[in-house]
Amino acid sequence: MDKRRLEETSKRLSSALDQVLEVITILDARDGFILYSNTTFSQVFGSPSLPGPRQRFMDLFECRILTSALEQARQGQAWTGRSSLKIHGGKRLTFEGTVSPVRNEEGVVESLVVRLRDITLEVEKDAQLRQAHKMDALGILAGGMAHDFNNLIGAILNAAELIERQLPPDSPIQRKLEIIQQVGGRARDLSAQILNFSRRADDAPTTFDLPDLVTEVSTVLQTTLPKNVDVRTDLAGGIRMLGNPSQLHQVIMNLGINASQAMQPGGGVLSIRLQPVNAGRRESDQPFPEPCALLSIEDTGCGMDQPTLERIFEPFFTTKAVGHGTGLGLSVVYGIVQGHGGSLQVSSEPGRGSAFHIRLPILREAPRELDPRSTGSQSGH
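If you're matching positions, the sequence shown starts at 107 in the working numbering and goes up one per residue.
Given below as structure tokens:
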């Protein structure tokens, strides 16, 4: 094969590898320096695929398993597996791939071929699906228990009311009956929250203007949250949906109050944004099969670590002190969003605040424009 044909073959092979949606790199087996990398490699690791200063592959990430796999391949044994790695900037990727040894004519391992496929989104979606199934099961259980619990509480409160009617106003038992009624009322409220979580509320859905609802709740938050919380809104107009306005009011209030508490004692910015997402458009984190509204509620508070993130939607899980929360707030939020056919995703890091992204199906209507009610800053204090 002449030099020209060899160059054409090499160029064709390089072009083909650059179009593969997997990381492919060839390393020097002796020192781990990169001999070749495709375009996907540079997109993932932020390192150029074109010739340049030599760079060690192991310097681009933190992953003991992959480092061990490279050493195994140097010894002549191929590796196949799955793990996660942390690249520069702190981003963590989950991958599956192979590390294969390449021998020369004498049988000595001369180079290593690394192939990695980014499965981060797949793993996250699997985790979300498992979480949804778990929450559905909890919802069915909680709903059944709450229904029976409601009946028992109702019987207790009715009995207390009958006794109260038969006693003189100055009876010492009246105070005890008041306590029974107060505690019973709290128990009934708790049962209502559990029923909301289980999505068994019987309120009929109505058609309403979502930006109007978000504006209304934002105004309430502006006037009720501490003065050191700056509430900012950016709302697209003309978004209508079919659902329960009262329940969605509760969703935004719960998330807003939680955000405010996460920003104390120093305060911060609470951002509420609403925008339409067209049908068929694929978002960076997940596709949505129909036209939807993306409602984002973000804060600049203390943030959450990964173990907390994995449990925040579980009923009765709370990071608040005893007596300062039932742990049902976010569970109810999750149940309401799911009950409206929507999805809820959270991103958070300690010290960097939290962001709740809610997607809700909307009615197909005319193109939407920016709502003049949107503001850069509305502290309201």
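Each residue gets a CB set at the ideal place from its N, CA and C atoms; glycine is no exception.
Bear in mind the structure is a predicted one, so any value in this text is a computation, not a measurement.
C-alpha gap between residue i and residue j, whole angstroms
i	j	result
F419	L273	45 Å
A461	D405	7 Å
P332	A368	12 Å
V443	I358	11 Å
T325	E396	30 Å
E389	S217	Its pLDDT being 43, under 50, E389 is placed unreliably in this model, and the value from its coordinates should be taken loosely. If I take the Cα positions, the gap works out to 39 Å.
D165	V208	22 Å
D108	A122	21 Å
T131	I468	45 Å
T432	L400	Any reading at T432 must be qualified, since the residue scores a pLDDT of 46, below 50, and its modelled position is unreliable; no value is offered.
D315	C398	13 Å
V335	L141	53 Å
V219	R170	18 Å
A135	R160	14 Å
R417	M251	22 Å
R458	E230	21 Å
R292	Q356	18 Å
S143	R162	12 Å
E215	T186	Looking at the sequence itself, residue 215 is Val, so the reference to Glu does not match. Rounded to whole angstroms, V215 to T186 spans 18 Å at the Cα level.
V126	N384	29 Å
E211	S402	59 Å
A265	I259	10 Å
K240	V439	16 Å
G182	A243	49 Å
L376	E114	57 Å
S190	Q370	34 Å
P393	T330	Residue placement at P393 is flagged as unreliable, the pLDDT there being 49, under the threshold of 50; a coordinate-derived value is accordingly withheld.
Q288	D276	19 Å
L119	G138	23 Å
T145	D124	5 Å
R346	E322	15 Å
G195	G290	52 Å
L466	L283	45 Å
A427	R180	Low confidence applies to A427: its pLDDT is 48, below 50, so where it sits in the model is not reliable, and the reading given next is rough at best. Cα-Cα distance, rounded: 53 Å.
P317	G372	30 Å
H463	P456	18 Å
Whether residue i touches residue j by CB criterion (9 Å)
i	j	result
E267	Q280	no
I300	A248	yes
E128	R221	yes
K192	E168	yes
P262	I285	Correcting the residue identity first, residue 262 is Ile in this sequence and not Pro. Result no, Cβ atoms of I262 and I285 do not sit closer than 9 Å.
G448	G407	no
G349	T312	yes
L327	G362	yes
P278	L319	no
G409	S454	yes
G445	Q353	yes
Q234	Q451	yes
Extent of the continuous beta strand (DSSP E) run through residue i
i	result
K192	W185 to I193
G349	R346 to G349
L436	It is not in any beta strand (DSSP E) - L436 instead sits in the alpha helix (DSSP H) that spans G435 to G445.
R136	Counting along the chain, R136 falls outside any beta strand (DSSP E), and DSSP gives it neither H nor E.
R338	V335 to L341
I140	I140 to S143
I464	S460 to P467
N-terminal and C-terminal residue of the alpha helix (DSSP H) that residue i is part of
i	result
L112	K109 to D124
Q161	Where Q161 is concerned, there is no enclosing alpha helix (DSSP H), given that its DSSP letter is neither H nor E.
Q451	From DSSP, Q451 is part of no alpha helix (DSSP H) but of the beta strand (DSSP E) over S449 to S454.
R209	It is not in any alpha helix (DSSP H) - R209 instead sits in the beta strand (DSSP E) that spans R198 to R209.
R170	R170 to R180
V214	V214 -> no alpha helix (DSSP H), and no H or E assigned at all.
**Asked** Any chance the stretch 219-228 sits against the stretch 188-201, with 3 or more Cβ pairs inside 8 Å?
**Response** yes
**Asked** Is the stretch 333-342 touching the stretch 368-383 in the sense that three or more CB pairs, one from each, lie closer than 8 Å?
**Response** yes
**Item:** Secondary structure, beta strand (DSSP E): runs of 3+ residues fully inside the stretch 353-418
**Value:** 374-383 and 398-405
**Prompt:** Counting pairs of beta carbons, one from the stretch 139-150 and one from the stretch 175-183, are three or more of them closer than 8 Å?
**Reply:** no
**Item:** In chain order, each beta strand (DSSP E) run of at least 3 residues that lies wholly inside the stretch 264-316
**Value:** 312-315
**Request:** Would you check if the stretch 287-297 and the stretch 249-268 touch, i.e. whether three or more CB-CB distances between them fall below 8 Å?
**Result:** yes
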